[in-house]
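Start counting the sequence shown at 114; every next residue gets the next number (this note's numbering).
For each residue, glycine too, the CB sits at the ideal point set by N, CA and C.
Note that the structure is a prediction, hence the values are computed from the model and not measured.
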Amino acid sequence: MPASVWPEAAPFAVVWGCYLYMPLAIYLYATHLHHPFIAYRQPHLIVLLGCFLTTYCLVGPVIEIWNATSPALAYVLVCYLVPILAMATLLLSTMVVVLHHKITELLVAPTQFPHHVVPTLSRFRWLLQATHQRFCVAALACLFALPYVAVLAWSIDIAHLTTADLRKSPFYNVLLGIFYSEFLLASALAGLLFQQLSPIVDTFHQRQVYQRCFGYTGACILVNFLVIIPEGVLHFDSLGADYYCRNILSTVAAQCVVYFHIVAPIYHIFQTNTMTRVAAESSCINMPSNLSELHKFLHDQDNYATFLAFCLGSCSSESATEALLAWRCIETFRAARGPAPRSPIELMADGPDVAAAEYVIGMCFAPGAPLTCPTLSAHFGPLYMHRWAAWMSCGPDMVGHAPHADFFDEYHRALLSHLATDVVPRFEAQSALWSNFIHHTRSVKGLKLVQRLADARTSSVVHGPVHHHVDPAESGAMSTWAIIQSTNDAGVEQAAMRRPASLTRLVTPYAPPSEDALDQLVHDVELMKPP
114 MPASVWPEAA PFAVVWGCYL YMPLAIYLYA THLHHPFIAY RQPHLIVLLG
164 CFLTTYCLVG PVIEIWNATS PALAYVLVCY LVPILAMATL LLSTMVVVLH
214 HKITELLVAP TQFPHHVVPT LSRFRWLLQA THQRFCVAAL ACLFALPYVA
264 VLAWSIDIAH LTTADLRKSP FYNVLLGIFY SEFLLASALA GLLFQQLSPI
314 VDTFHQRQVY QRCFGYTGAC ILVNFLVIIP EGVLHFDSLG ADYYCRNILS
364 TVAAQCVVYF HIVAPIYHIF QTNTMTRVAA ESSCINMPSN LSELHKFLHD
414 QDNYATFLAF CLGSCSSESA TEALLAWRCI ETFRAARGPA PRSPIELMAD
464 GPDVAAAEYV IGMCFAPGAP LTCPTLSAHF GPLYMHRWAA WMSCGPDMVG
514 HAPHADFFDE YHRALLSHLA TDVVPRFEAQ SALWSNFIHH TRSVKGLKLV
564 QRLADARTSS VVHGPVHHHV DPAESGAMST WAIIQSTNDA GVEQAAMRRP
614 ASLTRLVTPY APPSEDALDQ LVHDVELMKP P
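In structure tokens form, the structure reads like this:
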């Protein structure tokens, strides 16, 4: 660095060194795009946003410090057009997140969704497709860049100027005015957008993220604007220009965006106790959705401790504690044994020795077992004692090898069914923990369905229609998606006349399904139960 700029540029150089973490943060973010805490934030747009802000924070200071020799064109590109691209990307990501949440709200809580919003969703549904989002970023960037291009094209010959010459030009203040005007407009639009995020499906608190991001960023830009007054009007330059205070504030504003949209999600991902556990895949198979939700709920250590305390205090006379501890005992065996074998070779693979299974038998099924559940033991006790005796008499090849992980699955499901039927309703009445968990789980499920449908439509646009088996769990969401699409041309009422009667409740007040409808839309019913 030249000695002539060292004293004034030292703070800016120190701040620049603090920004060297940004490429690593973007890399970590890009490698976790499918994590539930990131997947529903439009991560491909956020990665693009991070690249723009990294360019601004790492290249911009170099141009500013060496302003006497750096070309003015490079200065305008890096310090004005790149932030404009970042602004357009952030604004578009906010729009897409709001659209994603609104469609999910229609799936998860149809009774609370305003019907007049459905035509709006149909008009903007194309924003969910990644191919269209790229064109939108380019279009917004061109729209924001047009005033700069007009001023520079009609006013000065920027190709022959240095950054220092441009900063002394009267057109520099015009460029600043355009930037602050566009930032104010974009902030107002973004503020209106993120307020549309409904708490019903805002599982990952994205409304709070956008609120804090725009708040802190706006505060930095406001202070930056206030510094212009003594610098440009009163000609008091020792703070604003000599020590690059305005440039530092601009990069700090960019860092606020990077922190809330990139750094904070990465930090939460590496924590062991986050809300993203509600989206973890269950290790159980062939389990009804209500039992699967309880299974996931109890796998969280905090939830398990709270539920156990409730059983000890309020359900001691109904063997709820014994049932819960028996479930935990079987889960311990399942986790140690691993997944069910697919072949005889896997059956004989190394695992915990037979003592682990003997422990479950002795604790849950043997005469006088401490974890006996009276309502279940009469049937399952003799059954599993007979199975255990048969397993141990299979021959010398089986001696010393524990049964596979699904050996106790019938009793495992029966315990969960007993807890879900007799204990969970009272637990829900006394604690909001279960209601919050169900709310989060179904919101994440809805977000996942909408994201999958959008990805499938993008794939069909790029590669042509793909014919594949449709998961019954997605049938209701796909039908709702078709309804939203059909309203683009015919309107809500005409689309309602064309849709099957079994799907009417997706956009009309919820009514309990009949037994026949339950067989066809069982997964969809679980999604649309009123919270």
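As assigned by DSSP and simplified to three states, the class of residue i
i, result
"Cys131", "helix"
"Gln598", "Interpretation of Gln598 is limited by its pLDDT of 49, a score under 50 that renders its predicted location unreliable; the figure taken from the coordinates is listed afterwards. Three-state result, Gln598: helix."
"Pro184", "strand"
"Thr707", "It is not possible to answer for residue 707, since the shown part of the chain is limited to 114 through 644."
"Thr434", "helix"
"Thr275", "strand"
"His148", "coil"
"Leu310", "coil"
"Cys428", "coil"
"His157", "helix"
"His229", "helix"
"Pro480", "coil"
"Phe317", "coil"
"Gln368", "helix"
"Trp179", "coil"
"Asp535", "helix"
"Ala266", "helix"
"Ala258", "helix"
"Gln324", "helix"
Exposure label - residue i; buried when at least 16 CB within 10 Å
i, result
"Ala439", "buried"
"Gly559", "buried"
"Lys215", "buried"
"Ser294", "exposed"
"Cys326", "buried"
"Arg236", "exposed"
"His525", "buried"
"Ser506", "exposed"
"Ile291", "buried"
"Gln384", "exposed"
"Pro538", "exposed"
"Gln368", "buried"
"Tyr134", "exposed"
"Met461", "The predicted model places Met461 with a pLDDT of 44, which falls under 50 and marks its position as unreliable, so this point remains unresolved."
"Phe248", "exposed"
"Ser548", "exposed"
"Thr283", "Checking the sequence shown, residue 283 turns out to be Pro, not Thr. Exposed, because fewer than 16 other Cβ atoms sit within 10 Å of the Cβ of Pro283."
Sequence-distant residues of the same chain with beta carbon closer than 6 Å to residue i, five excluded per side
i, result
"Thr364", "Cys170"
"Leu146", "Pro156"
"Ala192", "Checking the sequence, you will find Cys at residue 192 rather than Ala. Excluding residues within five positions, the ones whose Cβ falls inside 6 Å are Gly173."
"Thr168", "Val195"
"Trp129", "Pro174"
"Tyr497", "Phe478"
"Phe446", "Ala469, Val473"
"Tyr188", "Ile176, Thr276"
"Val55", "Any answer about residue 55 is impossible in this case: the structure gives the chain only from 114 up to 644."
"Tyr329", "Cys369"
Beta-carbon separation (whole angstroms), residue i vs residue j, contact threshold 8 Å
i, j, result
"Leu484", "Cys442", "6 Å"
"Glu121", "Tyr357", "7 Å"
"Ala468", "Phe520", "With a Cβ gap of about 14 Å, Ala468 and Phe520 do not count as contacting."
"Ile139", "Ile375", "7 Å"
"Thr224", "Glu406", "At roughly 20 Å, the Cβ-Cβ gap does not stay under 8 Å, so Thr224 and Glu406 are not in contact."
"Tyr153", "Gln414", "About 25 Å separates the two Cβ atoms, so there is no contact after all."
"Ala433", "Val536", "5 Å"
"Phe420", "Leu437", "7 Å"
"Leu279", "Ile341", "About 16 Å separates the two Cβ atoms, so there is no contact after all."
Selected residue, minimal CA-CA separation from residue i, among the options
i, options, result
"Leu166", "Ala126, Asn180, Ala277, Pro196", "Pro196"
"Leu532", "His408, Thr330, Gly304", "His408"
"Ile382", "Gly130, Tyr134, Phe150, Ala122", "Phe150"
"Ala201", "Leu404, Asn416, Leu162", "Leu162"
"Ser206", "Ile159, Glu218, Thr182, Ser183", "Ile159"
"Gly331", "Ile342, Ala366, Val340, Ile361", "Ala366"
"Asp270", "Leu186, Glu523, Ala143", "Leu186"
"Asn337", "Val322, Gln324, Asn360", "Asn360"
"Thr212", "Glu444, Leu310, Ser402, Gly426", "In the sequence as displayed, the identity of residue 212 is Leu instead of Thr. The option with the nearest alpha carbon to Leu212 is Leu310."
"Arg320", "His229, Val340, Gln384, Val210", "Val210"
"Leu297", "Cys333, Asp278, Ala272, Arg280", "Cys333"
"Gly426", "Phe540, Arg280, Ala301", "Phe540"
"Val136", "Val371, His245, Leu198", "Looking at the sequence shown, residue 136 is not Val but Pro. Of the candidates Val371, His245, Leu198, the one whose C-alpha sits nearest the C-alpha of Pro136 is Val371."
"Gln324", "Leu305, Leu335, Ala254", "Leu305"
"Lys561", "Leu241, Thr233, Leu302, Thr182", "Leu241"
"Ala303", "Ala181, Leu204, Thr144", "Leu204"
"Gln543", "Ala422, His499, Lys281", "Ala422"
Cβ-based neighbour list, residue i, same chain, cut-off 7 Å, excluding 5 preceding and 5 following
i, result
"Leu141", "Ile379"
"Asn601", "Note that Asn601 has pLDDT 43, beneath the 50 cutoff, so the model's placement of it is unreliable and the number below is only indicative. Around Asn601: Ser235, Arg236."
"Trp501", "Ile474"
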